[in-house]
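Residue numbers (mature numbering (1 follows the signal peptide of the UniProt record, and there is no 0)): -23 to -1, 1 to 427.
We put the CB at the ideal spot given by N, CA and C, even for glycine.
The structure under discussion appears below in the form of structure tokens.
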Ligand SMILES: *[C@@H]1O[C@H](CO)[C@@H](O)[C@H](O)[C@H]1NC(C)=O
């Protein structure tokens, strides 16, 4: 379960770009920003507003690339606050701006797609769209970003900052399996042009409320998918000598694929190859003409990912040939690009820790073990320094084990809304101020694009 939690994370995102002007807060004022923002977000007026938005989005879930109502709602809320936005971007994406429009810019981002599943939670805001549900908490993610927009908008005078915010949405096809890579389309639409750093988060119902979990370096794997058609020659199951059996060939292919990770990869460089699809044959006495298999491969570096990709093809074709079968292998396409690994910038990690400790206290900023799931935030990190962290949303009051992400019983814990909103806003503001007062963060960057 733990490795599936990232499976369907990303679809649409906002980015806020901010820009401070003239005078800067003192170091003391700086360290108080996260707490002040949190207090603001917890005020009944702000909190109730966030809860209302979150429930409205929850009640009207839309799948990836189809978030028309969701993005309209976001646009409306931003305009109500006097925040300008660009909409649509890359389909159903959205970009909001807070501030003067002069660089430097920083971006914060959220995803907004729902999952294709039936909600089982009974509430007055239960999903009205049959077969669609916000079971990954993206309703909360969107709301926290709107909350951050409000915090930024209402504090830029106080902080003597002019903040410019940009909101964009990214798409990710959600229909069958994870994939889509909305972030890629957002980037192609220019959403992070001139942006120096980007921040994003995901909720985790197993991490206690009021805590965050994070790590520098890889936090989620890069992933790809493959499909193969293994063709032989159909015939009577009792006369195998006249047929070429693709079932046996495909079976050997699957066994051989399992040896890639166990025999060819560094045991300390975590990787996964899973064959999750096997389709062939329809009768107990007929050898079929062909078999279709498919699966996923994951790794924490682009190098390892590309090595797996190459070897998967060689093993399928070569092993099929042993049993006299032919095989064709296909990988991700335009609509379903390979995801790069999600790798956190080391300087931004220090920045995040300072901000999170100022807001939540030292003991609430915990380490996170990387997961093999994929996250399309990684596409931004290929271009600019980015930081992705985990927001604790565990419901301490609940007696039972919390429903996990993608469970039909999952329900985003609304008490986390102020924390997420205030973190987004604090990360952006502190980054801008610190990057202009001689304490730049996020300079280190890697260039190994897929
Ligand atoms: C495999 O491909 C070769 C070359 O196209 C062809 O001659 C052969 O019949 C194919 N074998 C099977 C089992 O489809």
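Query                                                                                                                             : Result
Three-pair Cβ contact test at 8 Å for the segment 86 to 105 versus the segment 171 to 178                                         : yes
Cβ neighbour criterion (16 or more within 10 Å) applied to residue 138                                                            : Because residue 138 sits at a pLDDT of 48, beneath the cut-off of 50, its placement in the model cannot be relied upon, and the following sentence gives the value as read from the coordinates. It counts as buried.
For residue 59, three-class secondary structure by DSSP                                                                           : coil
Beta-bridge partners of residue 179, as assigned by DSSP                                                                          : 367
Rounded straight-line distance, which links the Cα of residue 268 to that of residue 309                                          : 19 Å
Given residue 130 as reference, the closest of 55, 39, 94, 345 once Cα atoms are compared                                         : 55
Distance cut-off 7 Å: residue 208 Cβ against heavy atoms of ligand 1                                                              : yes
heavy atom of ligand 1 below 7 Å from residue 293 C-beta                                                                          : no
Short Cβ contact (8 Å threshold) for residue 270 with residue 231                                                                 : yes
Closer than 7 Å: residue 221 CB and nearest ligand 1 heavy atom                                                                   : yes
Inter-stretch contact (C-beta, 8 Å, three-pair minimum) for the segment 343 to 353 and the segment 376 to 389                     : no
Backbone CA spacing between residue 333 and residue 283 [nearest angstrom]                                                        : 35 Å
Inter-stretch contact at 8 Å, needing at least 3 Cβ pairs: the segment 392 to 403 / the segment 14 to 29                          : yes
Beta-carbon contacts of residue 278 that lie in its chain and below 8 Å, excluding the five residues immediately before and after : 195, 199, 246, 318, 425
Length-filtered (4 minimum) alpha helix (DSSP H) runs lying within the segment 256 to 316                                         : 279 to 299
Short Cβ contact (8 Å threshold) for residue 364 with residue 190                                                                 : no
Secondary structure of residue 23, DSSP reduced to three states                                                                   : helix
DSSP-derived helix/strand/coil call for residue 124                                                                               : helix
With 16 other Cβ atoms within 10 Å as the buried cut-off, status of residue 260                                                   : exposed
Residues near residue 94 by beta carbon distance below 8 Å, same chain, minus five either side                                    : 108, 109, 110, 112, 383, 385
Local Cβ density within 10 Å of residue 206, reported as buried at 16 or more and exposed below that                              : buried
Straight-line gap, residue 454 to residue 132 (C-alpha atoms, nearest Å)                                                          : Since the first residue shown for the chain is -23 and the last is 427, residue 454 is missing from the structure and cannot be characterised.
Closer than 7 Å: residue 303 CB and nearest ligand 1 heavy atom                                                                   : yes
Rounded straight-line distance, which links the Cα of residue 288 to that of residue 104                                          : 44 Å
Selection from 359, 367, 380 that minimises the alpha carbon distance to residue 330                                              : 367
Helix, strand or coil at residue 109 [DSSP, three-state]                                                                          : coil
Span of the alpha helix (DSSP H), counted from its first residue to its last, around residue 104                                  : Here residue 104 belongs to no alpha helix (DSSP H), and DSSP marks it neither H nor E.
Proximity of residue 281 and residue 235 at Cβ, strictly below 8 Å                                                                : no
Residue 372 to residue 304 span [Cα, whole Å]                                                                                     : 49 Å
Three-way DSSP call (helix, strand, coil) for residue 250 in this model                                                           : strand
Buried or exposed by the 16-neighbour rule on C-beta atoms within 10 Å, applied to residue 44                                     : buried
Residue closest to residue 359, alpha-carbon to alpha-carbon, out of 158, 396, 123                                                : 158
Three-state class that DSSP yields for residue 414 in the structure shown                                                         : coil
For residue 221 and residue 301, believed in contact at Cβ under 8 Å, the rounded distance                                        : 5 Å
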